[in-house]
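Engineer: Below are the structure tokens for one structure; questions will follow.
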């Protein structure tokens, strides 16, 4: 909410990063940038090339991936979750985030399924494409983009959206994988791993601190926030380690990536137009709707014997392209958020 300056006082300029604008009955928040900082844009890709170069050391590579994955799951993400959820303000817009998630995921699944049927894509490849395009990589790419574009200001709303998506990923998306694949006997394994994992526990801890009105020490709060900024370098390094390229799937991977961004944004914009959430929630909905596919869909594809070779190329290609396009696009055209 913007406050008018007192009479006789000198008006203060808007902050350089965030501007609020009134449009009709609701407010929009977006990031303002006069130009794209080259270093800030290229630095994440430097970590990607570090990982790409490190692929030649098989033993060290596997150990590095396991270590980085563990640090992201058990240290960096919980730190970001606890610091954000402890300061979350629950209101109507926050409660609309799960509904937006369901709306976007179902829309993406339907559009991709219809497209696969129209183009008569082979069943195993169609199943892999549907579950990938119907998912959102929030825990790494989405979080990295949120931190890069907004800082930590919108992390509470982002985590509400992302946790809802995790639930849909392990239920609805996995069910679709089972429909296209062979069986669903391992569904419980994924759900148990999610429920008992560090992220849900961190969410519960953060919400308990919030409800109990326990204020985290400023130094601890700042430390938790600083740790969360290590997520992007770690994710980009892992992406470099895991990059697999098959030229046969390159063209379709690029086309699907841009189609997913456009369809996702249209679905997100439609939901925002219909329900008019707050500026903060709207920004998260629009950004998250454009995210690349979840890396976990590769696990689902392998479990259900779908075309995992296609996903091994599509997922990293989509993640790299989507990160670059969304970062540059929303920096150059902040009004889109």
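Residue numbers (our numbering): 55 to 391. The C-beta atom is built at its ideal place from N, Cα and C for all residues, glycine as well.
I need the straight-line Cα distance from residue 364 to residue 277, nearest angstrom please.
Structural biologist: Here residue 364 is taken as the residue at index 310 of the chain shown, counted from 1. Here residue 277 is taken as the residue at index 223 of the chain shown, counted from 1. Between residue 364 and residue 277, the C-alpha separation is close to 40 Å.
Engineer: Using CA atoms only, rank isn't needed, just tell me which of 256, 155, 375, 303 is closest to residue 324.
Structural biologist: The residue labelled residue 324 in the question sits at position 270 within the chain shown. With distances taken between Cα atoms, residue 324 lies closest to 155.
Engineer: Whose C-beta lies closer than 8 Å to the C-beta of residue 285 among residues of the same chain, with five residues either side of it excluded?
Structural biologist: Along the chain shown, one-based indexing puts residue 285 at 231. Excluding residues within five positions, the ones whose Cβ falls inside 8 Å are 126, 130, 131, 134, 194, 197, 198, 201.
Engineer: Check residue 255 in the structure and name its three-state DSSP category.
Structural biologist: Taking the first residue of the chain shown as position 1, residue 255 is located at position 201. It is helical.
Engineer: Taking all protein chains shown into account, decide if residue 274 is buried (16 or more other Cβ within 10 angstroms of its Cβ) or exposed.
Structural biologist: As a first step, residue 274 must be located in the chain shown, where it is residue number 220. By the neighbour-count rule (16 or more Cβ atoms within 10 Å), residue 274 is not buried but exposed.
Engineer: What separation, rounded to the nearest whole angstrom, lies between the Cα atoms of residue 218 and residue 230?
Structural biologist: Indexing the chain shown from 1 puts residue 218 at position 164. Indexing the chain shown from 1 puts residue 230 at position 176. One C-alpha to the other measures close to 17 Å.
Engineer: So, with DSSP's three-state summary, where would you put residue 174?
Structural biologist: Here the question's residue 174 lines up with position 120 in the chain shown. Reduced to three states, the DSSP call for residue 174 is coil.
Engineer: Between the stretch 147-154 and the stretch 179-192, do at least 3 Cβ pairs fall closer than 8 Å?
Structural biologist: No: the two stretches stay apart, fewer than three of their Cβ pairs being nearer than 8 Å.
Engineer: Which same chain residues end up closer than 7 Å to residue 392 when comparing Cβ atoms and leaving out the 5 residues on each side of it in sequence?
Structural biologist: Past the boundaries of the shown model lies residue 392; the chain is included only from 55 to 391, so the question cannot be answered.
Engineer: Let me know if residue 182 comes out buried or exposed under the rule of 16 or more other beta-carbons within 10 Å of its beta-carbon.
Structural biologist: Counted from its first residue, the chain shown places residue 182 at position 128. Buried is the call here.
Engineer: Round the Cβ separation of residue 318 and residue 158 to the nearest angstrom and send it over; I've been treating them as touching at under 8 Å.
Structural biologist: Here residue 318 refers to the residue found at position 264 when the chain shown is read from its first residue. Here residue 158 refers to the residue found at position 104 when the chain shown is read from its first residue. With a Cβ gap of about 6 Å, residue 318 and residue 158 count as contacting.
Engineer: Taking a contact to mean a Cβ-Cβ separation below 8 Å, would you say residue 339 touches residue 347 in this structure?
Structural biologist: As a working mapping, residue 339 is identified with position 285 in the chain shown. As a working mapping, residue 347 is identified with position 293 in the chain shown. No, the Cβ-Cβ distance between residue 339 and residue 347 is not below 8 Å.
Engineer: Using a Cβ-Cβ cutoff of less than 6 Å, which residues in the same chain neighbour residue 300 once the five nearest sequence positions on both sides are dropped?
Structural biologist: In the chain shown, counting from the first residue as 1, residue 300 sits at position 246. Cβ neighbours of residue 300 beyond the five flanking positions: 367.
Engineer: Alpha carbon to alpha carbon, how far is residue 115 from residue 122?
Structural biologist: Numbered from its first residue, the chain shown carries residue 115 at position 61. Numbered from its first residue, the chain shown carries residue 122 at position 68. Whole-angstrom Cα-Cα distance: 10 Å.
Engineer: At the level of alpha carbons, what is the spacing between residue 458 and residue 105?
Structural biologist: A query on residue 458 cannot be resolved here, the shown segment of the chain reaching from 55 to 391 and no further.
Engineer: By the DSSP assignment, the alpha helix (DSSP H) with residue 423 in it spans what residues?
Structural biologist: As shown, the chain starts at 55 and ends at 391. That puts residue 423 outside it, with no answer to give.
Engineer: Consult DSSP for residue 206 and reduce its assignment to one of helix, strand or coil.
Structural biologist: To locate residue 206, count along the chain shown from 1; it is residue 152. Of the three classes helix, strand and coil, the one that applies to residue 206 here is coil, per DSSP.
Engineer: Helix, strand or coil: how does DSSP classify residue 332 here?
Structural biologist: Residue 332 sits at position 278 when you count from the first residue of the chain shown. Three-state result, residue 332: coil.
Engineer: Residue range of the alpha helix (DSSP H) that residue 353 falls in?
Structural biologist: The residue given as residue 353 occupies position 299 in the chain shown. That run of the alpha helix (DSSP H) goes 350-357.
Engineer: Along the chain, where does the alpha helix (DSSP H) that runs through residue 374 open and close?
Structural biologist: Counting from one through the chain shown, the residue named residue 374 turns up at place 320. That run of the alpha helix (DSSP H) goes 362-386.
Engineer: At the level of alpha carbons, what is the spacing between residue 291 and residue 100?
Structural biologist: If you number the chain shown from 1, residue 291 lands on position 237. If you number the chain shown from 1, residue 100 lands on position 46. In a straight line, the C-alpha of residue 291 is about 9 Å away from that of residue 100.
Engineer: Rounding to the nearest angstrom, what Cα-Cα distance links residue 311 and residue 270 in this structure?
Structural biologist: Here residue 311 refers to the residue found at position 257 of the chain shown. Here residue 270 refers to the residue found at position 216 of the chain shown. Residue 311 and residue 270: Cα-Cα distance of roughly 40 Å.
Engineer: Could you check which residue in 328, 391, 128, 140 has the C-alpha nearest to that of residue 266?
Structural biologist: Position 212 of the chain shown, counting from 1, holds the residue named residue 266. That would be 140, whose Cα lies nearest to the Cα of residue 266.
Engineer: Using the rule of at least 16 other Cβ atoms within 10 Å of the residue's Cβ for burial, across every protein chain shown, is residue 84 buried or exposed?
Structural biologist: By one-based count along the chain shown, residue 84 stands at place 30. Residue placement at residue 84 is flagged as unreliable, the pLDDT there being 47, under the threshold of 50; the coordinate-derived value follows with that caveat. It is buried - the Cβ of residue 84 has at least 16 other Cβ atoms within 10 Å.
Engineer: Which of the three DSSP states, helix, strand or coil, is assigned to residue 136?
Structural biologist: As a position in the chain shown, residue 136 is number 82, starting the count at 1. Reduced to three states, the DSSP call for residue 136 is helix.
Engineer: Quick check: the Cα distance between residue 210 and residue 165, rounded to an integer number of angstroms?
Structural biologist: Start at 1 with the first residue of the chain shown, and residue 210 comes out as number 156. Start at 1 with the first residue of the chain shown, and residue 165 comes out as number 111. Straight-line Cα distance between these residues: approximately 29 Å.
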